[in-house]
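The next block holds one structure in the form of structure tokens; read it before the comments.
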Amino acid sequence: MCGIVGYIGTSEGRDILIDGLRKLEYRGYDSAGIAMLGEDSKLQIVRCKGKLSGLEGKLAEAPVSGSLGIAHTRWATHGRPCEANAHPHRSGPFALVHNGIIENYALLKEELESNGHRFSSQTDTEVIVALLDHEWQQVKDYRQAVRNTLKKLKGSFAVVIVNELEPDQLVAAKKESPLILGITENAFLLASDVPAILPYTRKVIYLNDEEIVFISRSGFQLESLPDGSPRTAFPHWVDWNPIMAEKAGYKHFMLKEIYEQPRAVIDTFRSVIDLESREIHFAELNLDRNLLRQIDKVCLVACGTSYHAAMVAKYMIEALCRVPVEVDLASEFRSRNPVLNERVLLVVISQSGETADTRAALKEGLDKGAQCRAIVNVVGSSIARMAQGVIYTHAGPEIGVASTKAFTTQLIALYLLAAYWASETGKLTREQTAQMIQDLIELPSKMEKILSDTDKINGWARKYMGFKDFLYLARGTLYPIALEGALKLKEISYIHAEGYAAGEMKHGPIALIDTEMPVMVLIKHGPLFEKMLSNIQEVKARDGIVLALIEGETSDAIGEAGNQFGMPVTSDWLAPVLFSLPLQLFAYQVAVLRGTDVDQPRNLAKSVTVE
Ligand code: M6R
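In terms of the working numbering, the sequence shown is residues 64 to 674.
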């Protein structure tokens, strides 16, 4: 939540900072602001409530300029969205942008107020810059004042600071909120996430928790916050390119990302499958067959859409590997004192690799000695670095707030993990593993087919966009997809939608069924088919509207063919990937027709880095 950018170099930095904010707007868009130090070393600060476009409008009238500056796009935590609460915040010669939450801000604020400081915002961030000003007045040494200030903060932060008195220096630090340093020939950039710096460099240092970096135009010094000792940093090459973070002619990032899924799925499985031998090798997972044989419980932990991927994986891992699997929301897992030890495999799943609760759950696992692994999309993210092994999804940058390609590639990574585990421990024969791989190889063309045949889904969107409530029903591996379909609809179209295990219908939700309640039903051939047909009859008997995604041919038993969308046939384990696509398209079309902000829906942020 919140995106921050910093620039120090030899060129004009304003457009670089604004461009960086544009790439980070997915992290929050309640307000935006910029602070630059011009040639006279005076701070120029412009802030605006609302999206970046508002700030750009203000800058057109009151331009700022300089070769050093900071910028921020906000997702409000403390203090409502308004200009006074927008970053950068200033005190004396200092201006600062912040991502995170300062838990002891109220206490610090009280102390500062008793020393005569007057605050102009309701934010926790203003406390940091006021404290810095206060510390500086005590010690008259900038670096020492920064150290003293940051040591007094409880909570999470990534901060970038400019100072009129030392106008050739940017200072940045982090604890539990992401921050990267991009290195170019003649400039340094700081950002919350890689897309902000991709047009300028792919050479990146991922700052660690409790590190401070002092950056001049000629170099930087990294040190440990707790003891001031120097730290060495090794740059990484990011293998994303700038074009991947553009819309490429699509109306929205979400639509582009929906259509990128066949490619993303191929990239994800190609990174671990040897197509010749039909074997699976995870280069960075660090989980061999000896270790797998010792595992007697799996905990899958995640938030939001990633949690739905975990739910699908429970079915796969239990069925194929015959080991019990618990699935938890990260926020609950971390607070329920879970039973963990060295025989438990904890796998956290996160697109961003920065979600605060997921990260805390991983820390809980590490502290309790569990085997901790992660499935992550963003290379170098906090979770990727904390875990003892990683499977990377190769979705590329996902900018739309609603997760699409990150989700389906997570499903692929988990499918591969289950297949690898089962084959390494002798639960699957070589032939069975090869068949699972063959199913996977055939999947992208089936995905293409769904994505090229959108007329019916678009028609449903036109017909049902005005309804106020939707129900999504499914069983087995498609049940989590019902939850995910409902989440997609509510987060981008603001229509109330509930996903339910179809077997639960009679235990409550059936009371909701009437002519005003479209019911999206996900139905696949196999042992659960007849039961799903019965559920459909129960909905129809109460005048509910049935929209069915059905594997194979449409069925008279379901009703008129116009309300059925035929899905390509695949295994139970891969059906969740296919069934996700029409649900994503449906949610997208409904949102577009209702005129909502598809890529940046209200109140949401892509990366939930606060608890
Ligand atoms: O980056 P993560 O996968 O950890 O994010 C978890 C959720 O915040 C995320 O999946 C969220 O639910 C999406 N907006 C849903 O589309």
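From the three backbone atoms N, C-alpha and C, an ideal C-beta is built for every residue, glycine too.
- Taking C-alpha positions only, Ala139 is separated from Glu614 by approximately 43 Å.
- Nearest to Gly562 by alpha-carbon distance, out of Ala549, Glu554, Met568, is Ala549.
- Ala654 sits close to Ile555, with the two beta carbons spaced by under 8 Å.
- Distances from the CA of Glu198 to each of Lys121, Leu175, Val671 were compared; the closest alpha carbon is that of Leu175.
- Residue pairing of Cys111 in beta bridges, as defined by DSSP: Ala95.
- According to the DSSP secondary-structure assignment, Cys65 is paired through a beta bridge with no residue.
- Three or more Cβ pairs closer than 8 Å define a contact, and the stretch 502 to 514 falls short of that threshold against the stretch 605 to 620.
- Under the 10 Å beta carbon count, His152 is surrounded by 16 or more other beta carbons and is classified as buried.
- Relative to the ligand M6R, even the nearest heavy atom lies 7 Å or more away from the CB of Ser255.
- Closer than 7 Å to some heavy atom of the ligand M6R: that describes the Cβ of Ser415.
- Distances from the alpha-carbon of Ser281 to those of Val410, Leu363, Phe251, Asn148 put Phe251 closest.
- Gly629: member of the beta strand (DSSP E) spanning 627 to 630, first to last residue.
- DSSP, read as helix, strand or coil, puts Arg265 in coil.
- If you check the CB distance, Leu591 and Gly539 come in under 8 Å.
- A residue is called buried when at least 16 other Cβ atoms come within 10 angstroms of its Cβ; Asp577 does not meet this threshold and is exposed.
- Taking a 10 Å sphere around the C-beta of Glu102, we find fewer than 16 other C-beta atoms and assign the residue as exposed.
- By DSSP's assignment, Tyr557 forms no beta bridge with any residue.
- Per the C-alpha coordinates, the member of Glu339, Asn148, Gly367, Ala537 positioned closest to Ala565 is Ala537.
- If only complete runs of 4 or more residues are kept, the stretch 301 to 352 shows the alpha helix (DSSP H) at 316 to 322, 324 to 333, in order along the chain.
- In this structure, the C-beta of Ser556 stays at least 7 Å away from each heavy atom of the ligand M6R.
- Distance from the CA of Ile246 to the CA of Glu273, rounded to the nearest whole angstrom, comes to 20 Å.
- DSSP, reduced to helix, strand and coil, places Met510 within a helical segment of the structure shown.
- For secondary structure counted as the alpha helix (DSSP H) over 4 or more consecutive residues, the stretch 172 to 249 holds these complete runs in sequence order: 188 to 202, 205 to 214.
- A straight line joining the alpha-carbon of Ile462 with that of Ile621 spans about 37 Å.
- If you draw a 10 Å sphere on the C-beta of Glu487, you find 16 or more other C-beta atoms in it, and that means buried.
- Remark: C-beta atoms of Ile558 and Lys531 approach each other more closely than 8 Å.
- Under the DSSP assignment, Leu610 falls in the beta strand (DSSP E) whose first and last residues are 608 to 614.
- By alpha-carbon distance to Ala433, the top candidate from Glu189, Met449, Arg406 is Arg406.
- Here Asn162 carries a strand assignment [DSSP, helix/strand/coil].
- Here DSSP, grouped into helix, strand and coil, assigns Val582 to strand.
- Between the C-alpha atoms of Ile260 and Val301 there is a straight-line separation of about 10 Å.
- Taking the C-beta atoms as reference points, Ile321 is found no nearer than 8 Å to Thr472.
- A Cβ-Cβ distance of about 7 Å is found for the pair Leu288 and Arg210, placing them in contact under the 8 Å criterion.
- Per DSSP, the unbroken beta strand (DSSP E) holding Thr136 starts and ends at 131 to 137.
- Taking 7 Å as the cut-off, the C-beta of Ser670 counts as close to a heavy atom of the ligand M6R.
- Asp391 carries a strand assignment under DSSP once its states are collapsed to helix, strand and coil.
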